[in-house]
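Working notes, beginning with the structure itself.
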Amino acid sequence: MIAADFNYEAPTSLDEAFTLLRKYGDEAKILSGGHSLIPMMKLRFASPECIIDINNIPGLSDITREGDIMKIGALVREAQVEHAAELLEHFPIFADVTKLIADPQVRNMGTVGGNLAHGDAANDHPAVMMALRASVVIAGADGTRVVPIDEFFFGFYSTAIQPDEILTEIQIPMPSPYTGSAYHKLERKVGDYATAGVAVQLTIDANGICTYAGIGLTNVNPLPMRAARSEEALVGKKITDETIAEAARYASDDCNPSADLRGDVEYKRAMVGVLTKRMIHKAAQRAVA
Amino acid sequence: MWVASRELATRWCVANSRQALSLVLDKISTLVWCLIQPMTFKNMAKKLLGDPINRVDGALKATGRARYSADIKRPGMLHGVLVMSTIANGKITAIDTADALKVPGVVNVMSHQNAPKLAGMDKNKPSEIATDRVLHVFQDDLVHYNNQPIAMVLAETLEQATEGASLVRVTYQTQPVKLPLPAGKADMSTPKQMPRVDDQVDTKRGDLAAGLAAAINRMEETYTTPTMNHNALEPHALLAYWEGDKLTMYNATQGISGCQKRVAEIFGMPKENVRVITQFLGGGFGSKGTTFSHVMLAPMAAKLTGKPVRLVLKREQMFGMVGNRSATVQRLNLATGKDGKLLATAHHSITQTSDFDEFAEPAGTITRMLYACPNLDTTHKFIRANIGTPAPMRAPGEAPGVFALESAIDEMAAQLRMDPLAFRLANYAETDPNKDKPFSSKSLRECYRQGAERFGWSKRPAQPRSLKNGNYLRGMGMATTVYPMNRGESTALVRLKPDGTVQVETATQDLGTGTFTIMTQIAAEVFGLSPDQVTLSAGDSIYPTSSVSGGSRNTASTGSAVTQAAQEVLKKARQMALKDPKSPLFNVAEAEIVVQKGGQLQQKSNPKVGEALTSLLKRNGNKPLEATVQSKQGDEKGKYSMNAFGAVFAEVEVDELLGEVRVTRLLGSFAAGRIVNLKTARSQVLGGMVWAVSMALHEKTVFDPRNNRVMNANLAEYHVPVNADIQEIDGFFIEEADDIVNPAGVKGIGEIGVVGTVSAIANAIYHATGRRFRDLPITVDKVLA
Numbered sequence: 001m002i003a004a005d006f007n008y009e010a011p012t013s014l015d016e017a018f019t020l021l022r023k024y025g026d027e028a029k030i031l032s033g034g035h036s037l038i039p040m041m042k043l044r045f046a047s048p049e050c051i052i053d054i055n056n057i058p059g060l061s062d063i064t065r066e067g068d069i070m071k072i073g074a075l076v077r078e079a080q081v082e083h084a085a086e087l088l089e090h091f092p093i094f095a096d097v098t099k100l101i102a103d104p105q106v107r108n109m110g111t112v113g114g115n116l117a118h119g120d121a122a123n124d125h126p127a128v129m130m131a132l133r134a135s136v137v138i139a140g141a142d143g144t145r146v147v148p149i150d151e152f153f154f155g156f157y158s159t160a161i162q163p164d165e166i167l168t169e170i171q172i173p174m175p176s177p178y179t180g181s182a183y184h185k186l187e188r189k190v191g192d193y194a195t196a197g198v199a200v201q202l203t204i205d206a207n208g209i210c211t212y213a214g215i216g217l218t219n220v221n222p223l224p225m226r227a228a229r230s231e232e233a234l235v236g237k238k239i240t241d242e243t244i245a246e247a248a249r250y251a252s253d254d255c256n257p258s259a260d261l262r263g264d265v266e267y268k269r270a271m272v273g274v275l276t277k278r279m280i281h282k283a284a285q286r287a288v289a
Numbered sequence: 001m002w003v004a005s006r007e008l009a010t011r012w013c014v015a016n017s018r019q020a021l022s023l024v025l026d027k028i029s030t031l032v033w034c035l036i037q038p039m040t041f042k043n044m045a046k047k048l049l050g051d052p053i054n055r056v057d058g059a060l061k062a063t064g065r066a067r068y069s070a071d072i073k074r075p076g077m078l079h080g081v082l083v084m085s086t087i088a089n090g091k092i093t094a095i096d097t098a099d100a101l102k103v104p105g106v107v108n109v110m111s112h113q114n115a116p117k118l119a120g121m122d123k124n125k126p127s128e129i130a131t132d133r134v135l136h137v138f139q140d141d142l143v144h145y146n147n148q149p150i151a152m153v154l155a156e157t158l159e160q161a162t163e164g165a166s167l168v169r170v171t172y173q174t175q176p177v178k179l180p181l182p183a184g185k186a187d188m189s190t191p192k193q194m195p196r197v198d199d200q201v202d203t204k205r206g207d208l209a210a211g212l213a214a215a216i217n218r219m220e221e222t223y224t225t226p227t228m229n230h231n232a233l234e235p236h237a238l239l240a241y242w243e244g245d246k247l248t249m250y251n252a253t254q255g256i257s258g259c260q261k262r263v264a265e266i267f268g269m270p271k272e273n274v275r276v277i278t279q280f281l282g283g284g285f286g287s288k289g290t291t292f293s294h295v296m297l298a299p300m301a302a303k304l305t306g307k308p309v310r311l312v313l314k315r316e317q318m319f320g321m322v323g324n325r326s327a328t329v330q331r332l333n334l335a336t337g338k339d340g341k342l343l344a345t346a347h348h349s350i351t352q353t354s355d356f357d358e359f360a361e362p363a364g365t366i367t368r369m370l371y372a373c374p375n376l377d378t379t380h381k382f383i384r385a386n387i388g389t390p391a392p393m394r395a396p397g398e399a400p401g402v403f404a405l406e407s408a409i410d411e412m413a414a415q416l417r418m419d420p421l422a423f424r425l426a427n428y429a430e431t432d433p434n435k436d437k438p439f440s441s442k443s444l445r446e447c448y449r450q451g452a453e454r455f456g457w458s459k460r461p462a463q464p465r466s467l468k469n470g471n472y473l474r475g476m477g478m479a480t481t482v483y484p485m486n487r488g489e490s491t492a493l494v495r496l497k498p499d500g501t502v503q504v505e506t507a508t509q510d511l512g513t514g515t516f517t518i519m520t521q522i523a524a525e526v527f528g529l530s531p532d533q534v535t536l537s538a539g540d541s542i543y544p545t546s547s548v549s550g551g552s553r554n555t556a557s558t559g560s561a562v563t564q565a566a567q568e569v570l571k572k573a574r575q576m577a578l579k580d581p582k583s584p585l586f587n588v589a590e591a592e593i594v595v596q597k598g599g600q601l602q603q604k605s606n607p608k609v610g611e612a613l614t615s616l617l618k619r620n621g622n623k624p625l626e627a628t629v630q631s632k633q634g635d636e637k638g639k640y641s642m643n644a645f646g647a648v649f650a651e652v653e654v655d656e657l658l659g660e661v662r663v664t665r666l667l668g669s670f671a672a673g674r675i676v677n678l679k680t681a682r683s684q685v686l687g688g689m690v691w692a693v694s695m696a697l698h699e700k701t702v703f704d705p706r707n708n709r710v711m712n713a714n715l716a717e718y719h720v721p722v723n724a725d726i727q728e729i730d731g732f733f734i735e736e737a738d739d740i741v742n743p744a745g746v747k748g749i750g751e752i753g754v755v756g757t758v759s760a761i762a763n764a765i766y767h768a769t770g771r772r773f774r775d776l777p778i779t780v781d782k783v784l785a
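Chains A and B supply the protein sequences, listed in that same order.
Residue numbers for the first sequence follow the working numbering, so the first one is 1 and each next one is one higher.
Residue numbers for the second sequence follow the working numbering, so the first one is 1 and each next one is one higher.
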């Protein structure tokens, strides 16, 4: 399939990009890695009038730590994440998730920012960022704002980013000591969207009490979903088989999957349960390791 | 060295630098290349395991210069885009093309209302070749299946034609839909014939009831496999144009000569007026083997418009008109006596065909010969459904049939508490029990032995569910694999030139498997030359007729023709030498003259006596020696059973809670006669094994039960494995000399990688989980159920 005609702009600064965005309004789409946008255009699910390629804008491709915050630029590729030593040291979840995203060719181009900005609950980073309680930096001509991940997703392909704005950065709070994180998704075959996916980050104090829990779910809800009751079931308690089972049950009950070729609702709920258990175990092991 | 046209062959056959190559390629539209790596020859006798040389077309493919059928352009060319039916059974009552014709650039819309009539297509008269299809396209208003081509929009650009096709409105009168398997089993009938016409539809041996009665252990189970669709990377594509009454087609076909014959037959014209060119193919797996509807449509449209027409199928259009692998429902009975010897075997298969044409998936044919068993019944029935007619798909019949058989064998071994390999050895067939003939060669014992040793089969605990790896249960399984040696008619011309180089001409196509490479190797070996001294002109019906690349037969067929023609030329050279008083070999007995490395003729008993072929030719008029040989099967088929055999071993890991199955190790050992090129051969068997992973775990065509529309006609939902699905995989060959099968000594390797591997994986899943899966593909939902 061949995409419909479109204009192509490649600004070299954010200001230039903002001007273009104002000119085209919601007829423009931002191109970063293109691995969600281009297939949609080829299938003619999307036919934007203009593509604004932000790959030539400097300063968006770094992973840097600033005090208590880890910053991931909008153009950071999945492949870059796979090899980012400091990020992986504190957030082993990124080693889990990048390996499960498509294939190396796609990861060489696809960006973490694009994975979020696409606003698709089937993508993997939304659940991860929920578990890590990340925030998203959104810039426009009138300035920048920092939006917590819980307030970022609005609907299918719809996020807090306005038509004249660009996602420029993701900010992740550095974890306390004794924190571990983990992600897994169940796929029918390698490279498929998740049948279900679960991201977990836990902090466990010296007494074995869970002081932080973040749990995000992939592709089992119209929006990327925080498993809030599961988190509450863990915080302030010891991580035992019982508390884990309770948290998994809540995740399974609270998610809202739809039946499709990947399976029916009951099956997906069951898989969310199994994955939640396993990811809590894995995150807890990593927290105390 | 390989050249696609005669004049270029002469002009460029000595070009041998990369620079020359690029110049040539930049300037001309035809293909020329040279082999870069010279080969050394240690042994002039036919090598059983041939040199693993690189493909002669490797650089062209790696640099994107290989031109496939969809890449060919012609001035004034129109693009055709098909309009497909949206009902499965009924009649077209109206086709409204007004809006489509308004699209700028749209030239015409072809349908049954204005399409040229096909003089030679009588859909009620079966073709002489069993696998030839009814090609009654655009000849009437009937719709036989969903996604059937019913109109074709012709425009100056692809975009215009695509737009036009979206605007054609069709109204129908619908009829009730006949569903494919597993529904619709009520209306079964017996096929008239099997795709290989000498295979019987049903067979009986001994007395099944008596065998069952005498047995100590019995099993009876039903195995089911779904409809599957071929999905070659390269979509079906052709460019067709007429010059007067002569038709030229650049067509992605697995059978240039067969296509030429069939197209001529259906258009009612002499074969000589049809030229078919296939420079490169991106796979076919049977869906480009015979001639399909679209191959008629482009020349029809070219005739209608008076312009060249290019037609490239969209991926979703490949789910219907270009064949599929029939679903199967197979019931297996096995019964054994003491010592685990098979006393009775029954294999009853139900498959499906379309409501207007016949193709019978021959699922039970291998069961007749794979093991020694005195009492055996096999039957084939099919149902008719409103679907596109099935076609051969990589190991048609053998792949689903051996999945059932080798699963049943594994089940019986488990029942007997015998090692699955030991059970197979206990029932080893020393002669073909179906044909009651000796095998031309059979090295299956050696395949079992070496395969088991390399795989570490002895480490397999007898008890299922004994091996674990974290969350995963681990299991090991194996199966026998087999594929009959098929051979068709092929003709080749071989010309030894005074400069010592050799030219080979034969129409053959290269499916992508390496045919062009190994044909040069075969000719080179006969003359003691290196492959870069051989030029192959092929991929075009202007060259001598050759076999289809299907049923693993092309090397056996065209390779034999090249072997025989080269040997014929060599014989002429020998005779020239012994009659030439100036030759050191003057008056030496013909049988005493052998060829040695570098194209040297030499006296066998006195190697010091001899001369180069070049000097012999130079002295004798400086003219080329040539021979054309038509090669076909002789009476060996009546005397012997000829088959390739192998053993496949699989290790899997199963996550019982998530239902995930991963194939962690696959190893195949194969005995397939002579292997011409170890590198391309290994790639082919590995490809077959990957195909089996796909069949075991992924592939399934899903029909909407309301209207038989394929619901997963795309590669996002029709699953095939990707690199990350495949872990450790290897295949190797047992040395097997077979002078009976054919002059090339080869049995074929295109399909044997698939056949047993499917059940080896299923058997490994049984060993991991203790549960038997008899319905393919083995997906997460079934593992969890």
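For every residue, glycine included, the Cβ atom is placed at its ideal position computed from N, Cα and C.
Predicted, not measured: the structure shown is a model, and the values here were computed from it.
Under the three-state reduction of DSSP output, B/A161 falls in the helix class.
Taken through DSSP and simplified to helix, strand or coil, B/H144 comes out as coil.
Under the three-state reduction of DSSP output, A/C210 falls in the strand class. If you check the CB distance, A/A28 and A/L37 do not come in under 8 Å. Annotation: B/G80 is outside any alpha helix (DSSP H); the continuous beta strand (DSSP E) that includes it extends over L78 to M84. Shortest Cα-Cα distance from A/N108 to any of A/A122, A/L14 and A/S32 involves A/S32. Annotated as proximal: B/V83 and B/A165, with beta-carbon spacing under 8 Å.
Under the three-state reduction of DSSP, B/K61 is assigned to helix. If you look at A/T243, you'll find it in the alpha helix (DSSP H) that goes D241 to D254. For a cut-off of 8 Å, the C-beta gap from B/F670 to B/G687 is around 13 Å, too long to register as a contact. Taking 8 Å as the CB threshold, A/R188 lines the interface with chain B.
Of the other Cβ atoms in all chains shown, fewer than 16 fall within 10 Å of the Cβ of B/R454; this residue is therefore exposed. Of the residues assessed, B/P705 falls on the exposed side of the cut-off, its CB having fewer than 16 other CB atoms within 10 angstroms.
Taking a contact to require three or more Cβ pairs closer than 8 Å, the region 251-261 of chain B and the region 734-743 of chain B do not qualify as touching. In this structure, the beta-carbon distance from B/R774 to B/T224 falls below 8 Å.
In this structure the region 469-479 of chain B lies against the region 651-660 of chain B, because at least three pairs of beta carbons, one per stretch, are closer than 8 Å.
B/D655 is classed as buried because its beta carbon has at least 16 other beta carbons within 10 Å across all chains shown.
Counting only runs that start and end inside the region 42-83 of chain A, the beta strand (DSSP E) elements of at least 3 residues fall at 50-53, 63-66 and 69-73. In the three-state reduction of the DSSP assignment, A/Q201 falls in the strand class, which pools E and B. CA-to-CA, the gap between B/I256 and B/Q330 works out to about 35 Å. Excluding the 5 residues flanking it on each side, B/A298 has same chain C-beta neighbours closer than 6 Å at L238, A240, V309 and L311, in chain order. Using beta-carbon distances, A/I101 does not count as an interface residue toward chain B, since no partner is under 8 Å. If only complete runs of 4 or more residues are kept, the region 603-641 of chain B shows the alpha helix (DSSP H) at 613-619 and 636-639, in order along the chain. Looking at the DSSP output, A/E169 shares a beta bridge with A/G73 and A/V137. By alpha-carbon distance to A/P58, the top candidate from A/L14, A/D96 and A/M40 is A/L14.
Only those residues of the region 489-503 of chain B whose C-beta falls short of 8 Å from the nearest C-beta of chain A would be listed, and there are none. As DSSP reads the structure, B/A429 sits in no beta bridge.
Cβ-Cβ distances below 6 Å link A/I244 to K277 and I280 in the same chain, with the five nearest sequence neighbours on each side left out; the list follows chain order.
Contact with chain B is absent for A/Y250, since none of that chain's Cβ atoms lies less than 8 Å from the residue's Cβ. Residue pairing by DSSP places A/K29 opposite A/I51 in a beta bridge.
For A/V235, no CB of chain B lies under 8 Å from its own CB, so it is not counted at the interface with that chain. For B/A724, the chain A residues whose C-beta falls within less than 8 Å of its own C-beta are D103, V190 and G191, listed in chain order.
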